[in-house]
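In our numbering, the protein residues as written are 431 to 767.
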Amino acid sequence: MSDARGLAARAKGAARNLLASNEELVHLIHAIKNELVGQIGDLHTRFEAASEESAALGSQVSRAVELAGYNNDELQALRKELQWLGPSVRLRSLVASDARITDIDESAAIFLNYAKSHRGPLADRDLWINDPVVIEWSEGNATVGAVNERIMEIPFVIQALGALDPDAAIVDIGGSESTLAFSLASLGYATTLVDPQGYPFAHPRLDVRQHPLEELTADGDFDAAVLLSAIEHFGIGHYKGGPEPDIDADRKAMSHVKKLLKPNGILVLTVPYGPAETNELERIYDRERLSNLLEGWTVLRARVGRRTTETTWEIEAEELIPPAGPGHVAMVVASPS
């Protein structure tokens, strides 16, 4: 009996202990649950804050991208402006420092070559002159880059006009890119220049007519007419203000020139000479083509010059021989037949 009572007592004790353990477990579970709920709530709060920060950052990124595009355009414009200003600033510094040839850098050389060329800013004011000698700049140096046919054409013209009276009337046709008319006026000749492009020089004895040749109606007024490397361009359409393209414009011009001269007047003509060709800039005359151009004229004198190197021209013949190839110039003095 006593054993049974002991077992019952131990069973009750174990039950109480188990109940207590269960209650502790329940409390522990509740505590863990509450902790998890708290942590989940905290995570939710942090997530919402992170979402707001992410949205704000996204807005900032979008704005930054927008500004970057704007700034990129601005930077491109600034870079372009600096590219233009760079050579100018460099050239100013060269002038200010009394620079010598060894101070010329590549960018300065490029600008100097461009500024003196027919594509440079002087052409915008019709101030570009086709000089016989072309100076070529390079870094720390300058050389004679090329010599064109005018090195012999200009003295040929002045020599041919030397027999005229000191105050003779001369018309220079198509000479806007040459100082010849300016020189003739300075020598005392009554000089008229006719060219659709006009002429940048002024002189008391220089009359500039800015129109095509066919509009010049001074019949029999001139002792001499000069066509210095000009008639080959007539009717090609390359130069502004000229007549409409016309394959026979050069021959028509020669007929008009004949009307401008006095009975004993002379024509001084120079043209590119070589295998016959017509390109977008000019005609090149061979002997047959030049003979056709001079139909109705008596040749008083003729010389043929030839380029032997990039910087050298020499007289090849004292008559209109057939050109051996390109790189020649024909120079003629003629009178109306």
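Backbone N, C-alpha and C define an ideal beta-carbon position, used for all residues, glycine too.
Taking residue i as part of the beta strand (DSSP E), name the residues at either end of that continuous run.
| i | result |
| --- | --- |
| A654 | F652 to L658 |
| R580 | No beta strand (DSSP E) holds R580; the alpha helix (DSSP H) holding it covers R580 to L591. |
| D637 | L636 to R639 |
Identify the residues that DSSP records as bridge partners of residue i: which are they?
| i | result |
| --- | --- |
| P766 | W727 |
| V701 | A760 |
| I600 | T621 and A654 |
| S568 | N571 |
| T742 | T739 |
| E710 | E710 pairs with nothing; no bridge assigned. |
| R549 | Paired residue(s): none; R549 is not in a bridge. |
| Y715 | Y703 |
| A732 | V762 |
| I696 | A654 |
| V577 | V563 |
| A538 | None; A538 has no bridge partner. |
| A754 | A754 is not bridged to any residue. |
| A747 | V734 |
Tell me the rounded alpha-carbon separation between residue i and residue j.
| i | j | result |
| --- | --- | --- |
| V574 | E536 | 17 Å |
| F477 | K510 | For F477, the pLDDT reaches just 47, beneath the cut-off of 50, and the residue's location in the model is therefore unreliable, although a value from the coordinates is still provided. Roughly 48 Å between the two C-alpha positions. |
| E566 | A572 | 6 Å |
| A545 | S767 | 45 Å |
| D554 | G628 | 13 Å |
| H686 | T738 | 35 Å |
| D680 | E710 | 15 Å |
| S568 | L557 | 24 Å |
| P675 | D716 | 21 Å |
| I751 | A611 | 30 Å |
| R530 | L594 | 46 Å |
| S613 | A507 | 46 Å |
| G667 | I534 | 39 Å |
| K688 | V564 | 34 Å |
| F541 | R580 | 25 Å |
| A526 | L552 | 23 Å |
| E707 | G550 | 28 Å |
| D637 | K682 | 24 Å |
| G605 | D503 | 46 Å |
| D588 | S765 | The identity of residue 588 in the sequence shown is Ile, whereas the question assumes Asp. Approximately 17 Å between the Cα atoms of the pair. |
| D528 | S721 | 55 Å |
| R522 | S547 | 20 Å |
| P626 | L524 | 39 Å |
Taking 8 Å as the threshold (C-beta atoms), are residue j and residue i in contact?
| i | j | result |
| --- | --- | --- |
| H758 | V734 | yes |
| E712 | E662 | yes |
| R736 | E744 | yes |
| G592 | T532 | no |
| P756 | P705 | yes |
| I600 | A654 | yes |
| P562 | N578 | yes |
| I677 | T609 | no |
| F652 | G695 | yes |
| A754 | Y703 | no |
| V624 | L658 | no |
| P596 | G618 | yes |
| A539 | E740 | no |
| L690 | A747 | no |
| R719 | V763 | no |
| E583 | T742 | no |
Please look up how many angstroms separate the CB atoms of residue i and residue j, rounded, as I've assumed it's under 8 Å.
| i | j | result |
| --- | --- | --- |
| A620 | R635 | 6 Å |
| K692 | G650 | 5 Å |
| V373 | A598 | Lying before the first or after the last residue shown, residue 373 is absent from the chain, which here runs from 431 to 767. |
| I603 | V656 | 7 Å |
| M684 | L643 | At roughly 10 Å, the Cβ-Cβ gap does not stay under 8 Å, so M684 and L643 are not in contact. |
| S616 | H633 | 6 Å |
In the DSSP assignment, find the unbroken alpha helix (DSSP H) run with residue i in it and report its ends.
| i | result |
| --- | --- |
| F612 | L610 to S616 |
| R681 | A679 to L690 |
For the ligand NAP, is there any heavy atom lying closer than 7 Å to the beta carbon of residue i?
| i | result |
| --- | --- |
| L750 | As presented, the structure is devoid of all ligands, the ligand NAP included, so that no description of it is given. |
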